[in-house]
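Peer 1: I am attaching a structure below and will ask some questions about it afterwards.
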Amino acid sequence: MTLDLLGDRLRSELSGRVERDFPLRRLTTYRLGGPAAIYVEPADEGDIELLGAALRSVGEVQTLPLGRGSNLVVSDDGFPGLVLRLGAQWSWIRAEEGVSQVRAGAATPLPQLANWTARRGLAGAEFMIAIPGSVGGAVRMNAGAHGGDVSKVLAGARIFNLDRLEVENRGVGQLDYSYRSSNLSERDVVLDASFAFDAEDAAEVRNRMESFRAHRAETQPGATQNAGSVFKNPPGESAGRLVEAAGLKGFSVGGASVSQLHANFFMARDGATAQDVYDLVHEVRARVGRAAGIELEPEIRFIGSFRQTSTR
Ligand SMILES: Cc1cc2nc3c(=O)[nH]c(=O)nc-3n(C[C@H](O)[C@H](O)[C@H](O)COP(=O)(O)OP(=O)(O)OC[C@H]3O[C@@H](n4cnc5c(N)ncnc54)[C@H](O)[C@@H]3O)c2cc1C
Numbered sequence: 001m002t003l004d005l006l007g008d009r010l011r012s013e014l015s016g017r018v019e020r021d022f023p024l025r026r027l028t029t030y031r032l033g034g035p036a037a038i039y040v041e042p043a044d045e046g047d048i049e050l051l052g053a054a055l056r057s058v059g060e061v062q063t064l065p066l067g068r069g070s071n072l073v074v075s076d077d078g079f080p081g082l083v084l085r086l087g088a089q090w091s092w093i094r095a096e097e098g099v100s101q102v103r104a105g106a107a108t109p110l111p112q113l114a115n116w117t118a119r120r121g122l123a124g125a126e127f128m129i130a131i132p133g134s135v136g137g138a139v140r141m142n143a144g145a146h147g148g149d150v151s152k153v154l155a156g157a158r159i160f161n162l163d164r165l166e167v168e169n170r171g172v173g174q175l176d177y178s179y180r181s182s183n184l185s186e187r188d189v190v191l192d193a194s195f196a197f198d199a200e201d202a203a204e205v206r207n208r209m210e211s212f213r214a215h216r217a218e219t220q221p222g223a224t225q226n227a228g229s230v231f232k233n234p235p236g237e238s239a240g241r242l243v244e245a246a247g248l249k250g251f252s253v254g255g256a257s258v259s260q261l262h263a264n265f266f267m268a269r270d271g272a273t274a275q276d277v278y279d280l281v282h283e284v285r286a287r288v289g290r291a292a293g294i295e296l297e298p299e300i301r302f303i304g305s306f307r308q309t310s311t312r
């Protein structure tokens, strides 16, 4: 009932796209999962404000800002709340305040930001070249690779908070960053972010970026039917090494299996379910726990509800 009221109100008030029971599968790299009860692509910031006000008036409705869906597994039953996805209006990059400060919209693909800065002799975003996420998702997740991460190059972000109904400018020091983690919640919508890069010879930056790209192509599967690293690396350890050492390369549950190329990537075959991925993650976690005495912590996020299964 609440969702019906909310859906109707959003349809009448927003200029952007509002859908009910909208399939999310194609909006994630895993290509799995069910629909969002309500799906919104706002037309502009005004729409986001209206959305926040409507959410406040109807009471408790779960929300999920969605980027490029490259770090998510959506439940086969879908997401029983509202998914908010920023579209092409939020995909832009511009130079700001001198040569090395750059601002990018939240929907900008990370490889685009890496290429744009490399061309201009700005160093610091090369690690983004093979991460198939958006600026918004990366700010939330503190995405990183090759020794770099967002917290090292971010100056700050503009964020719309769906509870306080206001745009907040948060500096990097206010985001409480640690390894693949920030203090942002599902009520914080990153609108855009500003980065401080170092000026360097453009050829050097490009060479470094190309070597990262080549290394990734050799050692990891591409962005189809997986969501990158499943587990965070424990301090001083590699999650992939632990999974491999437990003899689990190629291990599968239903249509989901541990990649033969990189043991911290779990692939979904055609016909796999999101529950298969969930079960595989839990089974691998239990087996690595028994083999190595280390509790791996998932880096990928499970959205919606999953059945708890007992480990074998
Ligand atoms: C092949 C492959 C390789 C990968 N390699 C890496 C890697 O090297 N390093 C790494 O860190 N990650 C890696 N990832 C994971 C993923 O790409 C990153 O976590 C990325 O930052 C997620 O961005 P996204 O836009 O896809 O976010 P989504 O997956 O859509 O969402 C992830 C989280 O961010 C939130 N979010 C998304 N957009 C916004 C927004 N505008 N405002 C607020 N919150 C938002 C979501 O609510 C969710 O909590 C890889 C994934 C794949 C498939």
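One point on numbering: in our numbering, the residue at position 31 of the sequence shown is 31, and numbering is uninterrupted.
Beta carbons are placed, not taken as given, at the ideal position from N, Cα and C, and that holds for glycine.
#1: Note down the Cα distance separating residue 254 from residue 15, rounded to an integer number of angstroms.
#2: Roughly how far, in whole angstroms, is the beta-carbon of residue 231 from the beta-carbon of residue 125, given that I think they are within contact range, below 8 Å?
#3: Would you call the CB atoms of residue 315 and residue 74 closer than 7 Å?
#4: Just to confirm the assignment: which complete beta strand (DSSP E) runs, minimum length 3, are found wholly within the stretch 182–249?
#5: Is it the case that the Cβ atoms of residue 70 and residue 144 are separated by a distance below 7 Å?
#6: Got a sec: does ligand 3 put a non-hydrogen atom nearer than 6 Å to the Cβ of residue 131?
#7: Do you know offhand how far residue 299's Cα is from residue 274's?
#8: Could you check the C-alpha separation between residue 284 and residue 113 for me, to the nearest Å?
#9: First and last residue of the beta strand (DSSP E) that includes residue 35?
#10: Go through the stretch 87–146 residue by residue and report every complete run of the alpha helix (DSSP H) that reaches 4 residues or more, in order.
#11: Whether or not the stretch 77–97 and the stretch 226–246 are in contact is what I'm after, with contact meaning three or more pairs of Cβ atoms, one per stretch, closer than 8 Å; do they touch?
#12: Which residues mark the beginning and the end of the alpha helix (DSSP H) in which residue 151 is found?
Peer 2: Checking against the coordinates, here is how it stands:
#1: Computed Cα separation, rounded: 42 Å.
#2: Rounded, the Cβ-Cβ distance is 25 Å, inconsistent with contact.
#3: The requested residue 315 does not occur in the structure, where the chain is confined to residues 1 to 312.
#4: The stretch 182–249 contains these whole beta strand (DSSP E) runs: 188–196.
#5: Contact: no.
#6: Summarising the ligand content, the structure contains ligand 1 and does not contain ligand 3.
#7: Computed Cα separation, rounded: 16 Å.
#8: In this structure, the alpha-carbon of residue 284 lies about 35 Å from that of residue 113.
#9: Unbroken beta strand (DSSP E) run through residue 35: 35–41.
#10: Correct list: 110–119 and 135–141.
#11: Two segments are said to touch when three or more pairs of C-beta atoms, one from each, lie closer than 8 Å; by this definition the stretch 226–246 does not touch the stretch 77–97.
#12: In this chain, the alpha helix (DSSP H) harbouring residue 151 covers 150–153.
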